[in-house]
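Protein chains in written order, with UniProt numbering: chain C, 1 to 224; chain L, 1 to 945. Glycine included, each C-beta is placed from N, C-alpha and C at the ideal position. Fair warning: this is a prediction, and the values are worked out from it, not measured in the lab.
Structure below.
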């Protein structure tokens, strides 16, 4: 493990108006994967319910927001849970279109959730920008009845140019690291790939924020 | 499936809340609610935020709506009323999207909140809450506690396209945003962009968002949908997935535009759009051109012109999906499934369109659409909506034979679907249920065809209950038999291109003798050569009529009898009288008689063509079920039914013998009890004078059991015997007491004359009515000139009432026969009158009616904006409703020309022996000629779909 380049800043007392907060980067992360693999748990564990959960009941789509500090920059992570979208037989391009990172989750104790990965990947590859950051996550490593060995997941990730990490939402293992790595990676992409635009932005009127757009990923690497 | 509206909604509204305004630091909160038991905390927590999404300055009373989406993606609507004079907002939560109704309800509630008596409001809320939602198109009235005013609402008709100005949302959208910008939004929605609407006024905001969502029908926006976004949820504007969000201007100003990313922003206040995309430009340009052209025609945009223009654009884009449907055998079991072939979908369309179509396949909105259609098909459910109608219309233009076949197939399903859903969903009447079951038994084969399963003789009745949950579906009807006729006609076209077709053929072979004979007939039908479209259409009409009876059993038995003698004028006068005297005492809709436009006409037909002694060739037979009329009369709220459906198809067999087919379903119910139920199938072959007759008579033991007469052949007794007491003298008499008839007539008129139902509008029953001979003869020419004929409200109603449908006819020898028969009539002076009551829906109604929206000729479609319709259409309408005078004549002619038959002689002698009515020969001729002309025009038929 390379060690975290990031540290979590103390979450400010929540205001209602997240969008008004002072932050430099805003990254949108979408979780996908079969039902029951623990997507929502992952998010909840990471954000610890900081953003009021339950808007899903009135908007139909739920998301969580966590503001972190990466290399002295304030980064806002907006994590969108697809739980409400499982009614779709397949999720089409429009769903991923403006996400910066996709987290593909499977359950290490459930072979079918792993077997579905190619299907998910096909959709992602077909529809999502191929430059989107993709992370494969094997969740529930607290479970005794593991069915997918770590190296299988790693191989799969490597073959498909994805980052890979195993987590346990229950034990809070690697959860924070997962999101912090994503934040760091996205920020790095934003900085190196978007430098001209970034400079422009800083000189523009509000000049406080940039979103990464066409950040590319250079091949496969593992987070650890 | 894709729908985001809840099904099986029981209550008009779920909850009423009064929300106090945000005051300084204090957030808005709910001060009171009804019912107290409502405890959805998530929703209650959100209501104040949505009711006061931001600080609003309000100078006038403002209505707007917000939408809450549950995790299962279903919508709950919040209808909100802001009054500048009060510190609170009134909110009604409902699963139903009926904006106009709820805004009206809110106004009533607002009056009551100022009432001195606190209990008034709660009483009214309770009454409204507990009132049953009426069936589609019907009205219900709820008396306010002051006993002076009444809250009346009409349940919106199913599948009706939003129209201007009735639909407040669309009207607002249309007036705020020009058509070009509407098109941009439309295209961006098709591309599933992230779309923001903004306005200073909440009412305009929510109306525009709702309206533009309605304009992509039959697609349904699948993503985040927030017509009015509260400030606290501003972060949803950052959602990476598509959304359609209405953002009040004050909120949008506080959002950093950079954060929004690529987003389409429509400012509804100044009609400007900011979009980083070229969505409109990347739509297939011929679609855009057509749409633009349609939207440029301002006068035509009133009514549902706007909705229809967009619908047609979508049809042009997606109607081809039907050609990409294939039947596939499941490997694991024997199930055959209809699947959607994406490649075929793209490749079947013009090359110019293909890039877009490939893109469209990736859209959630389209996938859900296809899934929904497939689901309906595979579960044996038809669909009846405007989209399919337009699609049929579109495919007509493309002239593909395959589409024609397919159309027949889906058309039939569609009809059944909407028909039964209404009856079963909304009615608890056991009589109805029984009827539906019986009907299903007759029509069971259709379902199996659809499923691609083997034909079965028995179908579990349990399935019927299952189906009723489907919004656009319904079990099958007995009309199947007839449909197969139509299908046989399409053997000329490229049959066998789909497995479905084969099934249908199979079905046909297995059907009854009756069926077979019909089939033979159709193959001989010369109409087929001229116009292949016509036979199916006629048949469909028959189906509708049969369904019609099942669905609306609440008609007073008297109606038919009375109808022919009621002219438009008389109806009108009765209505106006009613209007003067207050609201109708009974909310039960009698739509049948309440068409704003209806006309009555009388056709003179030689007596012998009608009911005569059974030894002659019979063209008609009728059945009468008598209702317990006195009871009906006394009990305004009772739902006495006496429905009679009849269709007669006169066929030519190979041997040229006229074959008469008659089947009818009768329902007779009193209140909720089945009094009698009657199904009969009769087939009469006049050649050998044999009568086949099957009768099922079911009578519930009931103290109030009514007289139920059923007969195949009518011995029609002419002359003075019948004039005083028709009921006694004539087996066809329904009501023996004219006074009752008159009373009921009055009653029926005072029921709400404007609560038209799409069903009835679309089911212009052909009431062939034998009137008392003393009534003046009315000319058929009235058919041509819609001006209503003279009427005789005081006249004794006819004893015989039939719904007669002529399925098809051979009009080869039309002209000579026609002239002959018409010449005969005045000479003999013996013809009886048949008065035909045609319920012609308003054009606008017909337009929005999914069932028969296209009965007007193409060339008139652009004029659909109002109820004004060229008179030339009327004959077409009649024809398409199954009233084909050619057939009349044809049958007549057949009889006359068949010299070997003794029937002709009898006919003529009969003619001489009876009536003294004068006959307007001239008009008779005119109408016949007219109908002949129309039937020769193919466009008249194709448009029907």
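Cβ of residue i within 8 Å of any chain C Cβ
i: residue 471 of chain L; result: Unreliable positioning characterises residue 471 of chain L in this predicted model, as indicated by a pLDDT of 35, which lies under 50. A coordinate reading is not provided.
i: residue 16 of chain L; result: no
i: residue 226 of chain L; result: yes
i: residue 176 of chain L; result: no
i: residue 71 of chain L; result: yes
i: residue 756 of chain L; result: Summary for residue 756 of chain L: the model assigns pLDDT 35, below 50, so the residue's position carries little reliability; its value from the coordinates is reported in the next sentence. Taking Cβ atoms only, chain C never reaches closer than 8 Å to residue 756 of chain L, which makes this a no.
i: residue 964 of chain L; result: Absent from the structure is residue 964 of chain L, since the part of chain L shown begins at 1 and ends at 945.
i: residue 239 of chain L; result: yes
i: residue 42 of chain L; result: yes
i: residue 379 of chain L; result: no
i: residue 364 of chain L; result: yes
i: residue 853 of chain L; result: Caution applies to residue 853 of chain L, whose pLDDT of 29 falls short of 50 and renders its modelled position unreliable; the value that the coordinates give is listed next. Judged by the 8 Å Cβ criterion, residue 853 of chain L is not in contact with chain C.
i: residue 259 of chain L; result: yes
CB contact check: residue i to chain L, cutoff 8 Å
i: residue 17 of chain C; result: At residue 17 of chain C, the pLDDT of 43 sits below 50, so the modelled position is not reliable; the number obtained from the coordinates is stated separately. Yes, residue 17 of chain C counts as interfacial toward chain L.
i: residue 88 of chain C; result: yes
i: residue 238 of chain C; result: Past the boundaries of the shown model lies residue 238 of chain C; chain C is included only from 1 to 224, so the question cannot be answered.
i: residue 175 of chain C; result: no
i: residue 157 of chain C; result: no
i: residue 212 of chain C; result: Low local confidence applies: a pLDDT of 40 at residue 212 of chain C is under 50, so the model's placement there is unreliable, with the coordinate-based value given in what follows. False, the Cβ-Cβ gap to chain L never drops below 8 Å.
i: residue 163 of chain C; result: no
i: residue 63 of chain C; result: yes
i: residue 178 of chain C; result: no
i: residue 35 of chain C; result: no
i: residue 197 of chain C; result: Confidence at residue 197 of chain C is low in this model, with a pLDDT of 40, below 50, so its placement is unreliable and the value that follows should be read with caution. Judged by the 8 Å Cβ criterion, residue 197 of chain C is not in contact with chain L.
i: residue 231 of chain C; result: Outside the displayed span of chain C (1 to 224) sits residue 231 of chain C, for which this structure offers no information.
i: residue 50 of chain C; result: With a pLDDT of 49 at residue 50 of chain C, under the threshold of 50, the modelled position of that residue is not reliable, and no figure is offered here.
i: residue 74 of chain C; result: no
i: residue 97 of chain C; result: yes
i: residue 26 of chain C; result: yes
i: residue 203 of chain C; result: Because the pLDDT of residue 203 of chain C is 31, which lies under 50, any placement of that residue in the model is unreliable, and the number read from its coordinates should be weighed accordingly. Chain L, which has no Cβ nearer than 8 Å to the Cβ of residue 203 of chain C, makes this no.
Whole-number beta carbon distance between residue j and residue i, since they are thought to touch under 8 Å
i: residue 391 of chain L; j: residue 315 of chain L; result: 5 Å
i: residue 307 of chain L; j: residue 170 of chain L; result: 7 Å
i: residue 14 of chain L; j: residue 38 of chain L; result: 7 Å
i: residue 313 of chain L; j: residue 290 of chain L; result: 7 Å
i: residue 339 of chain L; j: residue 374 of chain L; result: 7 Å
i: residue 108 of chain C; j: residue 143 of chain C; result: 7 Å
i: residue 96 of chain C; j: residue 124 of chain C; result: 6 Å
i: residue 966 of chain L; j: residue 357 of chain L; result: Residue 966 of chain L lies beyond the range of chain L shown here (1 to 945); nothing can be said about it.
i: residue 248 of chain L; j: residue 205 of chain L; result: 6 Å
i: residue 45 of chain C; j: residue 172 of chain C; result: 6 Å
Residue i - partner residues in DSSP beta bridges
i: residue 174 of chain L; result: In DSSP, residue 174 of chain L forms no bridge with anything.
i: residue 12 of chain L; result: According to DSSP, residue 12 of chain L bridges with nothing at all.
i: residue 17 of chain L; result: L:33 and L:91
i: residue 115 of chain C; result: None, per the DSSP bridge assignment.
i: residue 81 of chain L; result: L:63 and L:90
i: residue 64 of chain C; result: C:79
i: residue 26 of chain C; result: C:76
i: residue 107 of chain C; result: C:139
i: residue 329 of chain L; result: L:336
i: residue 366 of chain L; result: For residue 366 of chain L, which the question treats as bridged, DSSP gives no partner whatsoever.
i: residue 154 of chain L; result: L:139
Distance cut-off 7 Å: residue i Cβ against heavy atoms of the ligand NAD
i: residue 89 of chain L; result: Absence of the ligand NAD from the depicted structure is noted, as is the absence of any ligand whatsoever, leaving it without description.
Pair every Cβ in the stretch 19-34 of chain C with every Cβ in the stretch 174-189 of chain C, then say whether three or more of these pairs are closer than 8 Å.
-> yes
Does the pairing of the stretch 155-162 of chain C with the stretch 70-82 of chain C give three or more beta-carbon distances under 8 Å?
-> no
Touching or not, the stretch 71-84 of chain L and the stretch 98-116 of chain L, by the rule of three or more beta carbon pairs under 8 Å?
-> yes
Counting Cβ pairs, one atom from each stretch, are 3 or more of them under 8 Å apart for the stretch 222-240 of chain L and the stretch 250-261 of chain L?
-> yes
Touching by the beta-carbon criterion (3+ pairs, under 8 Å), the stretch 289-304 of chain L and the stretch 205-223 of chain L = no
Are the stretch 43-55 of chain L and the stretch 64-73 of chain L touching, with three or more C-beta to C-beta distances below 8 Å?
-> yes
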